[in-house]
Amino acid sequence: MMNIFKQLTRKLFPNATVFFHNIFVLAFRNGQWESIKRRMAIDAKGNPIPWYTYPAIEYLNSFDFSQCNVFEFGSGNSSLYWSSRSKSVFSVEDNKDWFEMVNNGKNSNHNLVYCAEESEYVAALANQGRKFDIIIIDGNHRLKCTSEAINALDSDGLILLDNSDRIIEKECGRLLRSNGYIQMDFSGFGPINGYCWTTSIFLKSQKIFLTKFTGPSPIDGLNN
């Protein structure tokens with residue numbers, strides 16, 4: 004009976020194998036099913052990943068950031084991801100409960116500060132008194148944080164803006180483009196959520212491709 008069912012399925016739905024394989028890749032190779040169940044941004048092996056779109060994460064995985072210093076507006080599993088792939092991470096958080104949870108599990112090269120007030124939160128980047136190779140805008144007060152990021156980014160660094168398809172974040176994108184940044188959008192599914200969104204990366208120089216880019220290697224690609 005099962006063989007008859009399979010034969011009938013192939014006849015009526017000749018592309019069903021490809022369709023269900025694609026579902027399998029999203030749910031299990033990318034780890035989305037486990038992330039939905041656990042309400043955590045994790046990959047298929049349970050490793051922490053940022054709550055960005057999967058296309059953006061795959062693109063970031065194509066770079067060697069081991070000698071880079073990262074600043075995050077916002078914190079979480081992204082902090083664990085970045086601290087495992089970079090020289091150092093400095094994050095600012097304005098949610099006390101979330102701060103305590105992240106702070107208890109952070110890596111040794113991760114410095115996390117709590118700033119409840121908007122002015123302190125936004126100023127946390129400038130207060131470091133140095134430039135960063137990577138600046139992540141994934142917390143609150145994003146337009147003001149974007150203005151600060153422009154002045155604190157190293158010349159061949161990148162700015163990452165999550166949820167760039169939303170109204171406020173579109174204003175952030177306009178500000179960055181007006182200051183000479185090139186916007187690259189990565190739209191699609193990601194951990195936990197049941198919808199697509201956009202994570203954008205902004206660059207001002209191509210030098211990063213000469214020094215840090217190692218080439219793409221997509222999950223379930225033909226060469227994997």
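With the working numbering applied, the sequence shown covers 4 to 227. Glycine included, every Cβ here is placed at the ideal spot set by N, Cα and C.
Compute the Euclidean distance between the alpha carbons of isoleucine 162 and isoleucine 139, then round it to the nearest angstrom. For the purposes of this step, residue 162 is taken as residue 159 along the sequence shown, with counting starting at 1. For the purposes of this step, residue 139 is taken as residue 136 along the sequence shown, with counting starting at 1. Going from the Cα of isoleucine 162 to the Cα of isoleucine 139 covers about 6 angstroms.
Using DSSP's beta-bridge definition, name the partner residues of glutamine 70. Taking the first residue of the sequence shown as 1, we reach residue 70 at position 67. DSSP output for glutamine 70 lists no bridge partner at all.
Can you list, in chain order, the residues of its chain with a C-beta nearer than 8 angstroms to that of methionine 4? Leave out the 5 residues immediately preceding and following it. The residue given as residue 4 occupies position 1 in the sequence shown. Because methionine 4 carries a pLDDT of 48, less than 50, the predicted location of this residue cannot be relied on, and the following value inherits that uncertainty. There are no such residues.
Cβ separation of aspartate 97 and asparagine 143, assumed to be a contact under 8 angstroms, to the nearest whole Å: The residue labelled residue 97 in the question sits at position 94 within the sequence shown. The residue labelled residue 143 in the question sits at position 140 within the sequence shown. That pair is a contact at about 6 angstroms.
Go through its chain and collect everything with a Cβ distance to valine 73's Cβ below 6 angstroms, but skip five positions before and after it. By one-based count along the sequence shown, residue 73 stands at place 70. When the five nearest sequence neighbours on each side are left out, the beta carbons in the same chain lying within less than 6 angstroms of the beta carbon of valine 73 are those of Trp85, Ser89, Val92 and Ile137, in order along the chain.
Secondary structure at tryptophan 200, three-state DSSP: helix, strand or coil? In the sequence shown, counting from the first residue as 1, residue 200 sits at position 197. Reduced to three states, the DSSP call for tryptophan 200 is strand.
8 angstroms contact criterion, which threonine 56 and glycine 191 should meet: CB distance rounded: In the sequence shown, counting from the first residue as 1, residue 56 sits at position 53. In the sequence shown, counting from the first residue as 1, residue 191 sits at position 188. 5 angstroms between Cβ atoms; contact.
Assuming glycine 49 is part of the alpha helix (DSSP H), what are its boundary residues? Counting from one through the sequence shown, the residue named residue 49 turns up at place 46. No alpha helix (DSSP H) holds glycine 49; DSSP gives it neither H nor E.
If you draw a straight line from the C-alpha of phenylalanine 205 to the C-alpha of glutamate 61, how long is it? Within the sequence shown, residue 205 is the residue found at index 202, counting from 1. Within the sequence shown, residue 61 is the residue found at index 58, counting from 1. If I take the Cα positions, the gap works out to 16 angstroms.
Identify whether tyrosine 57 lies in helix, strand or coil by the three-state DSSP scheme. Your numbering for residue 57 matches position 54 in the sequence shown. Look at tyrosine 57 here: in three-state DSSP terms it is helix.
Inter-residue Cα distance where the pair is glycine 132 and histidine 113: To locate residue 132, count along the sequence shown from 1; it is residue 129. To locate residue 113, count along the sequence shown from 1; it is residue 110. Each residue's Cα considered, the two are about 17 angstroms apart.
Given a cut-off of 8 angstroms on the beta-carbon distance, is the pair glutamate 174 and asparagine 166 in contact? For this step, residue 174 is matched to residue 171 along the sequence shown. For this step, residue 166 is matched to residue 163 along the sequence shown. The answer is no: Cβ separation not under 8 angstroms.
Do you know offhand how far asparagine 182's Cα is from alanine 59's? Here residue 182 refers to the residue found at position 179 of the sequence shown. Here residue 59 refers to the residue found at position 56 of the sequence shown. Rounded to the nearest angstrom, the two C-alpha atoms are 22 angstroms apart.
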